[in-house]
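S.K.: Under our numbering, the first residue of the sequence shown carries the number 16, and numbering increases by one thereafter. Dropping the structure in here first, questions after.
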Amino acid sequence: MRREVGREAEMSNDVPHSGYPIIAIAPFANLTGLSDNDVYEKDVQRQLAGDFQRFGRLQVRVLTADLNRNAVGSDYILRGSILNLVGELDLAVDLMEVETGKVLFQSRISGPLDEIDFYSSLRQLSQRISAYLAAQGGVISTFGQPRAEAAGAVGNVFYCVLLTDAFLETYAPETFQGAYRCFEPLRATFDTDAVAAASFGTLMLHAVPDFHFMDLSGVPERMHSTLEEVTEYADELVDRFPGADAAFILLGALYNAKGEISLAIRALRQAVDLNPANPTAYGVLSYAYLSADLLDASEEAARSAVRLSASPSAYMYLPLLVVGIVHKNARMVEMARKGYADQVSPSRDIFLLAAASMIGDGAEVERLAEIVGQPDDPMSNIRMYVQGDVALSAIARHLKAAGLEVPDPTCLSSASGNVSRGLDCAP
Numbered sequence: 016m017r018r019e020v021g022r023e024a025e026m027s028n029d030v031p032h033s034g035y036p037i038i039a040i041a042p043f044a045n046l047t048g049l050s051d052n053d054v055y056e057k058d059v060q061r062q063l064a065g066d067f068q069r070f071g072r073l074q075v076r077v078l079t080a081d082l083n084r085n086a087v088g089s090d091y092i093l094r095g096s097i098l099n100l101v102g103e104l105d106l107a108v109d110l111m112e113v114e115t116g117k118v119l120f121q122s123r124i125s126g127p128l129d130e131i132d133f134y135s136s137l138r139q140l141s142q143r144i145s146a147y148l149a150a151q152g153g154v155i156s157t158f159g160q161p162r163a164e165a166a167g168a169v170g171n172v173f174y175c176v177l178l179t180d181a182f183l184e185t186y187a188p189e190t191f192q193g194a195y196r197c198f199e200p201l202r203a204t205f206d207t208d209a210v211a212a213a214s215f216g217t218l219m220l221h222a223v224p225d226f227h228f229m230d231l232s233g234v235p236e237r238m239h240s241t242l243e244e245v246t247e248y249a250d251e252l253v254d255r256f257p258g259a260d261a262a263f264i265l266l267g268a269l270y271n272a273k274g275e276i277s278l279a280i281r282a283l284r285q286a287v288d289l290n291p292a293n294p295t296a297y298g299v300l301s302y303a304y305l306s307a308d309l310l311d312a313s314e315e316a317a318r319s320a321v322r323l324s325a326s327p328s329a330y331m332y333l334p335l336l337v338v339g340i341v342h343k344n345a346r347m348v349e350m351a352r353k354g355y356a357d358q359v360s361p362s363r364d365i366f367l368l369a370a371a372s373m374i375g376d377g378a379e380v381e382r383l384a385e386i387v388g389q390p391d392d393p394m395s396n397i398r399m400y401v402q403g404d405v406a407l408s409a410i411a412r413h414l415k416a417a418g419l420e421v422p423d424p425t426c427l428s429s430a431s432g433n434v435s436r437g438l439d440c441a442p
């Protein structure tokens, strides 16, 4: 009988009931031509195993030299070689699907070698490899979707996590409901599974009506959340999983939505410290910095998110787009608007219109202005994502230049709604 596997058993050879894929990591081969470098073969393998494990989205096995025997029961096997240890650390890696023998990922990754601290250089390369493969939207999640879907949602936590990932790419109410229903019979697993618990908490966060993250009109009321419920849930999650970056990402996103920006930055920096390879942590942190008008820090965090992602999500480009608009950096805006164009959000066309206005793309301004029309408040859908006064003022200025009327924001009856829109309203 399969048993439920918690984070403390991630190195077990048991097949997890949760459906999380199993990656077997083989010893790296020393191809430098120097037998003295054989000592590093196991070090590279173990560093990668530790970095993969931090994501919590897969089970990890560290193999001995007998690959055929020890890889049995695994979904994927990661193999690699050490090619150079002079001046730079140079690694070749490939990820193979065990069942089919198909190579899903192949890369050669190198970086400067710190002659004094080899392990610092190794950590940097290992983080890049693990981010590409194990992160949300990474190679393993992409190829794991059909496998998880074929296994069905019942009892398959990984499938529910992937459905949540899909919702975050589209914000489609039907995808939200599919992920929510998937998790409902599995909530007992939340006591031992930080990733599943944080994924469900992410759904709760997006179902708070005051936050206006998505259109909840077609979502059953039982799936709606209150601010108090999400706050209690996120606080308890961090207390239960103080070593899980996913828990701190949820808490930081919640603080940011509530307008408690300094707390958001603290929580999200903790998430980055716990897993420096997770692009999601950097991506959400970039929004918190943007809310504080810490534009340089926001840009740096957003660039880290994009750099670490195998396939960067569109949302990661929004801070770069906004920073480019504020700094009137046409090159940055041009790059960012291409990445952000795939975002599915009511605010997308408003942001893109401000960007086109800033760089003087008249044809795009005309096209987007026709789509946007003359809303009562063009800023209403963007204040959830951009709260800093400097950034909001720059966007408003370029929207006005594009012909939109941008009124001063008015206070609402909801205190949390006012905070989420950056409004300073008397109680």
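Built from N, CA and C at the ideal position, the CB exists for glycine as well.
1) So Ala11 and Gly153 are in contact, right, with Cβ under 8 Å, and what is the actual spacing, rounded?
2) Closest to Pro42 by CA distance: which of Gly48, Val54 and Tyr304 is it?
3) Just checking, does the stretch 51-66 make contact with the stretch 269-284 on the three C-beta pairs under 8 Å criterion?
4) Quick one: using the 10 Å Cβ neighbour count with 16 as the cut-off for buried, is Leu49 buried or exposed?
5) What span of residues does the alpha helix (DSSP H) with Gly126 cover, start to end?
6) Counting C-beta neighbours from all protein chains within 10 Å, is the total for Gln60 16 or more, i.e. buried, or is it exposed?
7) Between the C-alpha atoms of Arg346 and Ala149, what's the straight-line distance to the nearest angstrom?
8) For Ala80, I'd like the list of residues in its chain whose CB is within less than 7 Å of its CB, leaving aside the five on either flank, ordered along the chain.
9) On a Cα-Cα basis, can you pick out the residue from Val77, Ala44 and Asp308 that is closest to Leu335?
10) CB-CB under 8 Å to Val421, same chain, minus the five flanking residues each way: which ones, in chain order?
11) By how many angstroms is the C-alpha of Leu119 removed from the C-alpha of Gly339?
12) Taking just the CA atoms, how far does Ala417 sit from Gly88?
13) List the residues that DSSP assigns as beta-bridge partners of Val223.
14) Could I get the ranges of all uninterrupted beta strand (DSSP E) runs contained in the stretch 322-409, with 3 residues as the minimum, in chain order?
15) When DSSP builds the beta bridges, which residues end up paired with Gln139?
16) In angstroms, rounded to a whole number, what distance separates the CA positions of Asp288 and Thr47?
17) Give me the DSSP bridge partner(s) of Ser96.
18) If contact is defined by three or more beta carbon pairs under 8 Å, each pair taking one atom from either stretch, is the stretch 263-275 in contact with the stretch 232-249?
19) For Gln74, which option in Ser122, Ile155 and Arg123 has the closest C-alpha, if you only look at C-alpha atoms?
20) Alpha carbon to alpha carbon, how far is Ala286 from Ala317?
21) For Ala378, does the count of other Cβ atoms within 10 angstroms reach 16, so buried, or fall short, so exposed?
22) For Asn364 and Glu189, I'd like the C-alpha separation in whole angstroms.
23) If you drop the 5 nearest sequence neighbours on each side, which residues of the same chain put their C-beta closer than 8 Å to that of Glu244?
24) Pull up the distance between the alpha-carbon of Arg143 and that of Leu323, whole angstroms please.
M.R.: On the basis of the data shown:
1) Here the chain has residues from 16 to 442 only, and residue 11 is not among them.
2) As a working note, residue 42 is residue 27 in the sequence shown. Nearest of Gly48, Val54 and Tyr304 to Pro42, Cα basis: Val54.
3) Not touching, per the Cβ criterion.
4) For the purposes of this step, residue 49 is identified with residue 34 of the sequence shown, where counting begins at 1. Within 10 angstroms of the beta-carbon of Leu49 lie fewer than 16 other beta-carbons, which makes it exposed.
5) The residue you call residue 126 lines up with position 111 of the sequence shown. Per DSSP, Gly126 lies in no alpha helix (DSSP H); the unbroken beta strand (DSSP E) holding it starts and ends at Val118 to Pro127.
6) Within the sequence shown, residue 60 is the residue found at index 45, counting from 1. The residue is buried, with at least 16 neighbouring Cβ atoms inside 10 Å.
7) Counting from 1 along the sequence shown, the entry for residue 346 is found at position 331. Counting from 1 along the sequence shown, the entry for residue 149 is found at position 134. So the two alpha carbons sit approximately 31 Å from each other.
8) Locating residue 80 in the sequence shown gives position 65, where the first residue counts as 1. Excluding positions up to five away in sequence, the list reads Pro42.
9) By one-based count along the sequence shown, residue 335 stands at place 320. Here the closest residue by C-alpha is Asp308.
10) Along the sequence shown, read from residue 1 onward, the residue named residue 421 stands at position 406. Around Val421: Asp392, Pro393, Met394, Ala411, Leu414 and Lys415.
11) To locate residue 339, count along the sequence shown from 1; it is residue 324. To locate residue 119, count along the sequence shown from 1; it is residue 104. Near 35 Å, if we compare the C-alpha coordinates of Leu119 and Gly339.
12) Reading the sequence shown from its first residue, position 73 is the one you call residue 88. Reading the sequence shown from its first residue, position 402 is the one you call residue 417. So the two alpha carbons sit approximately 59 Å from each other.
13) Position 208 of the sequence shown, counting from 1, holds the residue named residue 223. For Val223, which the question treats as bridged, DSSP gives no partner whatsoever.
14) none
15) Position 124 of the sequence shown, counted from the first residue, corresponds to residue 139. The partner list for Gln139 (beta bridge, DSSP) is empty, contrary to what the question assumes.
16) As a first step, residue 288 is located in the sequence shown; it is residue number 273 there, counting from the start. As a first step, residue 47 is located in the sequence shown; it is residue number 32 there, counting from the start. Those two C-alpha atoms are separated by around 33 Å.
17) As a first step, residue 96 must be located in the sequence shown, where it is residue number 81. In the DSSP output, where bridge partners are listed per residue, Ser96 has Ala44 and Ala107.
18) As far as the Cβ criterion goes, the stretch 232-249 touches the stretch 263-275, which means the pair count is three or higher.
19) Along the sequence shown, one-based indexing puts residue 74 at 59. Out of Ser122, Ile155 and Arg123, Ile155 has the C-alpha closest to the C-alpha of Gln74.
20) Taking the first residue of the sequence shown as position 1, residue 286 is located at position 271. Taking the first residue of the sequence shown as position 1, residue 317 is located at position 302. Using only the alpha carbons, I get a separation of about 15 Å.
21) The count along the sequence shown starts at 1 and reaches residue 378 at position 363. Exposed is the call here.
22) The residue labelled residue 364 in the question sits at position 349 within the sequence shown. The residue labelled residue 189 in the question sits at position 174 within the sequence shown. Correcting the residue type first, residue 364 is Asp in the shown sequence and not Asn. Their Cα atoms are separated by approximately 22 Å.
23) Indexing the sequence shown from 1 puts residue 244 at position 229. Counting only residues of its own chain and dropping the five nearest sequence neighbours on each side, Glu244 has a CB closer than 8 Å to the CB of Met219.
24) Within the sequence shown, residue 143 is the residue found at index 128, counting from 1. Within the sequence shown, residue 323 is the residue found at index 308, counting from 1. Note on geometry: alpha-carbon atoms of Arg143 and Leu323 lie some 6 Å from one another.
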